[in-house]
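**Student:**
Numbering (my numbering), first residue to last: 3 to 470.
1) Taking 8 Å as the cut-off, does the region 273 to 288 touch the region 187 to 203 (at least 3 CB pairs, one atom from each stretch)?
2) Can you list, in chain order, the residues of its chain whose CB lies under 7 Å from that of residue 82, leaving out five sequence neighbours each side?
3) How about residue 69 and residue 7: are their beta carbons less than 9 Å apart?
4) Let me know the secondary structure DSSP gives residue 66 once reduced to three states.
5) Hey, how far is the Cα of residue 304 from the Cα of residue 296?
6) Short of 6 Å in beta carbon distance, which residues of its chain neighbour residue 15, apart from the five on each side in sequence? Order them along the chain.
7) Can you list, in chain order, the residues of its chain with a C-beta nearer than 6 Å to that of residue 355? Leave out the 5 residues immediately preceding and following it.
8) Pairing CB atoms from the region 176 to 193 with CB atoms from the region 337 to 352, are three or more of them under 8 Å?
9) Suppose you measure from the CA of residue 263 to the CA of residue 242; what does that come to, to the nearest Å?
10) Along the chain, which unbroken stretches of the alpha helix (DSSP H) at least 4 residues long are found entirely within the region 327 to 363?
11) Assuming residue 74 contacts residue 122 (C-beta within less than 8 Å), just tell me the rounded distance between them.
12) Check whether the Cβ atoms of residue 1 and residue 418 sit closer than 9 Å, and answer yes or no.
13) For chain D, find out if any of its Cβ atoms is closer than 9 Å to the Cβ of residue 359; answer yes or no.
14) Per the contact definition of three or more C-beta pairs closer than 8 Å, is the region 34 to 51 in contact with the region 153 to 165?
15) Below 8 Å on the Cβ atoms is my guess for residue 366 versus residue 141; work out the distance and round it to an integer in Å.
16) Using 8 Å as the cut-off, can you tell me whether the region 397 to 404 makes contact with the region 310 to 328, which would need three or more C-beta pairs spanning the two stretches below that distance?
17) For a test of the three-state rule: what should DSSP assign to residue 249, helix, strand or coil?
18) Report yes if the C-beta distance between residue 184 and residue 66 is below 9 Å; otherwise report no.
19) How many Å lie between residue 442 and residue 451 at the Cα?
20) Would you report the Cα separation of residue 165 and residue 101, rounded to the nearest angstrom?
21) Where does residue 485 fall in DSSP's three states?
22) Given residue 394, which residues of its chain have a CB within under 6 Å of its CB, disregarding the five upstream and five downstream residues?
23) Quick check on the burial criterion: 16 or more other C-beta atoms within 10 angstroms. Buried or exposed for residue 421?
24) Would you mind sorting residue 111 into buried or exposed? The rule is 16 or more other CB atoms within 10 Å of its CB.
25) Would DSSP call residue 32 helix, strand or coil?
26) Should the region 25 to 33 be called in touch with the region 82 to 95, which here means at least 3 C-beta pairs below 8 Å?
27) Taking C-alpha atoms, which residue in 332, 330, 209, 218 lies nearest to residue 316?
28) Considering Cα atoms alone, identify which of 171, 214, 256 is closest to residue 240.
29) Please go through the same chain and pick out, in chain order, the residues whose beta-carbon is closer than 8 Å to the beta-carbon of residue 31, but skip the five residues on each side of it.
30) Mapping DSSP to helix, strand and coil, what is residue 200?
31) Could you compute how far the alpha carbon of residue 397 sits from the alpha carbon of residue 406?
32) Please report the distance separating the alpha-carbon of residue 91 from that of residue 171.
33) Could you tell me which of 408, 221, 228 sits nearest to residue 235, measuring between CA atoms?
34) Residue 471 bridges to which residues according to DSSP?
35) With a CB to CB cut of under 6 Å and the five nearest residues on each side skipped, what residues in its chain are close to residue 114?
36) Roughly how many angstroms lie between the CA atoms of residue 293 and residue 259, to the nearest whole one?
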């Protein structure tokens, strides 16, 4: 009987497309789905004539796999992953490998690695980014977990990943939950990028009164320069798309954004690690605020804008928006890398920071020309803590900061909410300020709670009886 190189459980859009991707790269794939009719429909439909083997039961599915067996779970994150692990274990043997390609929370992945290894098997939690198109044509893949499993799955994962300059956008990340952690940070940066672009769009729409077609032309032009990226590219496409009646589709889409949790996890982890992930966290809060459409409509009838800001020069503001978006994007990545540094210390991961940027160059949602410069920065200084202290990024942010300040001021004066742009600028100003106002904050804490404080002119901790 013909044996499969790998098995995939879960035939939703991502699962199906990954299977088709694997088969197109020369791998034979076994498939299983809890709803068995989906297996039949897939094998007799889209996968007909392909090296794809359908199974009606888990026992049959496992029997179709070459040893060591490699099983990729493409099921909903959370309890379904644990359920399938426990369903699979009775059929697997020592040395077999279970992989989870969903958006699992990295502590869950770390727990599953330990559990599966305790049963004599190996486990990989891998982030997969790129959506359904990436899954089919080549995603960014971020695997981590049992190190000894990597040699067995490397040819498959690197074979199906996006390729940039002949290099796969997939490499080993680290032990435990490292792979899903890096994917989580990727998604956090994605939240930041999307919010920044949306704020720029909002300013164009409300301050400059630009039409969607006019904005599409600007974003298309920006996609030829330092902002070239997947998100800028699709923004131009979205803005020029028309509804059935010929009007801009964007104007008919409800202004209430949802989320699936990875952005929230990124913000929560930053709080746990004490990392000022301000821009990305504001992007998460912005989605939460947007979701209260009813509340915003009610408030808009009471809380009126009372400013009297003038309409700025169009061409000048458009160029300032480009620079502000670029500078704030640098901050977003800087914060993401600060979080990865902190977590690596906490969990004792040896992360390849330049390599992570390379994994993000193709296939994923945040892919951009920008990432090559991050790789160069870490090649020059592997111990680099703050990305903005690399000479290239220092120069870029310095050149853009005047325009960035003008954009933030314009948004504030016109009553346009720009939480990501402004919090990014506040982070930039905070990180470059040698003496902040936290000395007063420390004094206040000592005054009301006797929390003590440190001095600049003496060692140790001190307490003052302030009322005396």
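C-beta: ideal position from N, C-alpha, C; glycine also.
Just so we're clear, the structure is a prediction, and the values are computed from it rather than from any experiment.
**Tutor:** Based on what the coordinates show:
1) yes
2) none
3) no
4) coil
5) 13 Å
6) 134
7) 380
8) yes
9) 30 Å
10) 355 to 361
11) Going by Cβ atoms, the distance from residue 74 to residue 122 rounds to 19 Å, so no, they are not a contact pair.
12) The question about residue 1 has no answer, for the chain in this structure spans 3 to 470.
13) Absent here is chain D; the protein component of the structure consists of one chain.
14) no
15) 7 Å
16) yes
17) coil
18) no
19) 14 Å
20) 22 Å
21) As shown, the chain starts at 3 and ends at 470. That puts residue 485 outside it, with no answer to give.
22) 375
23) buried
24) buried
25) strand
26) no
27) 209
28) 214
29) 6, 7, 8, 9, 10, 21, 24, 25, 53, 54, 55
30) helix
31) 14 Å
32) 30 Å
33) 221
34) What is shown of the chain runs 3 to 470, which leaves residue 471 out entirely.
35) 125
36) 6 Å
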